[in-house]
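Single-structure report; data block below.
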Amino acid sequence: MKFTCSKNDLNEALRIVSKAIATKPQTPILSCIFIQTKGDELELQATNYELSFICHIPATIEESGSIALTGRYVLEVVTKMPGDTITFSMMDDDKTIHIQSGQSKFTLLSMNAAEFPQIEHLAGNIQFTLKDNVLRELIRKTIFACATDEGRPVFTGCALTIEGNRVTMAATNIHRLAVISKVFNQEIGSIQIIIPAKILAEVLHMPGGDIPTEVTLTCSYNQISFSTPSVYMASRLIEGQFPSFTNVIPHSFATNVQVDRAAFAAAIDRVALISRAGDYNVVKLQFSNGNIHLHSRNPEIGDADEDVPAEIDGPDLMIAFNANYLIDVMKSMQGDVCRIGLNKELSPAVLREPDDEDFLYVVTPVRTAH
Numbered sequence: 001m002k003f004t005c006s007k008n009d010l011n012e013a014l015r016i017v018s019k020a021i022a023t024k025p026q027t028p029i030l031s032c033i034f035i036q037t038k039g040d041e042l043e044l045q046a047t048n049y050e051l052s053f054i055c056h057i058p059a060t061i062e063e064s065g066s067i068a069l070t071g072r073y074v075l076e077v078v079t080k081m082p083g084d085t086i087t088f089s090m091m092d093d094d095k096t097i098h099i100q101s102g103q104s105k106f107t108l109l110s111m112n113a114a115e116f117p118q119i120e121h122l123a124g125n126i127q128f129t130l131k132d133n134v135l136r137e138l139i140r141k142t143i144f145a146c147a148t149d150e151g152r153p154v155f156t157g158c159a160l161t162i163e164g165n166r167v168t169m170a171a172t173n174i175h176r177l178a179v180i181s182k183v184f185n186q187e188i189g190s191i192q193i194i195i196p197a198k199i200l201a202e203v204l205h206m207p208g209g210d211i212p213t214e215v216t217l218t219c220s221y222n223q224i225s226f227s228t229p230s231v232y233m234a235s236r237l238i239e240g241q242f243p244s245f246t247n248v249i250p251h252s253f254a255t256n257v258q259v260d261r262a263a264f265a266a267a268i269d270r271v272a273l274i275s276r277a278g279d280y281n282v283v284k285l286q287f288s289n290g291n292i293h294l295h296s297r298n299p300e301i302g303d304a305d306e307d308v309p310a311e312i313d314g315p316d317l318m319i320a321f322n323a324n325y326l327i328d329v330m331k332s333m334q335g336d337v338c339r340i341g342l343n344k345e346l347s348p349a350v351l352r353e354p355d356d357e358d359f360l361y362v363v364t365p366v367r368t369a370h
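Going left to right, the sequence shown walks through residues 1 to 370 as this note's numbering numbers them.
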């Protein structure tokens, strides 16, 4: 086996597939990245049976073949080697891989490539395509609301619901809820699944360009895959029933607020410098007289106050939130204005963008002593 390819292309492909390498592999071969030649391309694979990745990159193939190299070491070696191109070679009767780039040479021991459990593409009962920029928006506006507590698995992923031509993505950790829907021209089918946040985070970082490209999603009852011409990702789904969330979304508000998103986000971030040392990072918001007054206090550190002008329609209100829950949604929004719907000091608030009716964010207040 012998091939030459761009070092940057190979490094990026290794970085992607290495995310599927098992931390504590069931067998040594699962610590490997499998590389094989296919025509004028290289195909790289890695799997831990929960996640699976395949990448294709162009290469000059002098001798075809396949190898299995310990993922951790081959990634570090390729990352640190000089030069723009890199050459891998192995004699048929040798288990040693020779790697050369510029004046740098390495040899790595390979494992038996025949033992690697090669990844088969998923054949699911629902398959549809999305532009990568649309898919990233669905993920970016929900994934931050997922729980990180593995003790409640259904909340560590995003719920994907498909009903006819409507696709809805939702995430919650009980204290907050992010929901976004998109309507498409074609009928897609009907399915309700929970996708692990881990695979969605990797989809966010799939290679992309200035021109949107198609991503094919294939769903079965227990797996999902995302496929582009150069990258294939597959994951097991989370078992369980995602809770119904429509009944927790308020549809009318006593107080309606519009505020400059960037100014509001920056103010929250500054005021939270004092509160973030606390368990709940509480920031109090006073809505009155065309102004949002932000306040945080930590008896061991001090106080912080800031005012942000806003358009307020309705009764004055003081309400407290976990600052992180507000900062996270501000980062996911793209418009200049944030719209906030409020009722009582212990009732959930809804944040939206005026120009995006597809997205909403519900956040539960924190009970505080006045």
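Don't be surprised by glycine CBs; every beta carbon is placed ideally from N, CA and C.
**Message:** If you measure between the beta carbons of Asn256 and Asp313, is that distance less than 7 Å?
**Reply:** yes
**Message:** Please classify Tyr232 as buried or exposed, where buried requires at least 16 other C-beta atoms within 10 Å of its C-beta.
**Reply:** buried
**Request:** Assign Gln192 to buried or exposed, taking buried as 16 or more other Cβ atoms, counted over all protein chains shown, within 10 Å of its Cβ.
**Result:** Per the 10 Å Cβ criterion, exposed.
**Request:** In angstroms with no decimal places, state the Cα-to-Cα distance between Thr368 and Met318.
**Result:** 11 Å
**Message:** On a Cα-Cα basis, can you pick out the residue from Thr168, Ser6, Phe155 that is closest to Ala197?
**Reply:** Phe155
**Prompt:** Who does Gly290 pair with in a DSSP beta bridge?
**Reply:** According to DSSP, which records beta bridges pairwise, Gly290 is partnered with nothing at all.
**Asked** Which word fits Glu311, buried or exposed, when buried means at least 16 other C-beta atoms lie within 10 angstroms of its C-beta?
**Response** exposed
**Request:** Go ahead and pull the three-state DSSP assignment for Ala254.
**Result:** coil
**Message:** Taking 7 Å as the threshold (C-beta atoms), are Val350 and Arg362 in contact?
**Reply:** Arg is not the amino acid found at residue 362; the sequence shown has Val there. Yes; because the gap between Cβ atoms is below 7 Å, this pair is in contact.
**Request:** List in chain order: all unbroken beta strand (DSSP E) runs of 3+ residues lying wholly within the region 73-156.
**Result:** 85-89, 96-101, 104-111, 126-131
**Message:** At the level of alpha carbons, what is the spacing between His295 and Leu360?
**Reply:** 25 Å
**Message:** Just to confirm the assignment: which complete beta strand (DSSP E) runs, minimum length 3, are found wholly within the region 208-234?
**Reply:** 214-219, 223-227
**Prompt:** Do the CB positions of Lys7 and Ser101 come within less than 7 Å of each other?
**Reply:** A contact, by the Cβ cut-off of 7 Å.
**Prompt:** Over what stretch of residues does the alpha helix (DSSP H) that includes Val271 continue unbroken?
**Reply:** 261-275
**Prompt:** In angstroms, rounded to a whole number, what distance separates the CA positions of Phe245 and Leu326?
**Reply:** Distance between the alpha carbons of Phe245 and Leu326 is about 19 Å.
**Message:** Is it buried or exposed, Asp132, if we count other Cβ atoms within 10 angstroms and call 16 or more buried?
**Reply:** buried
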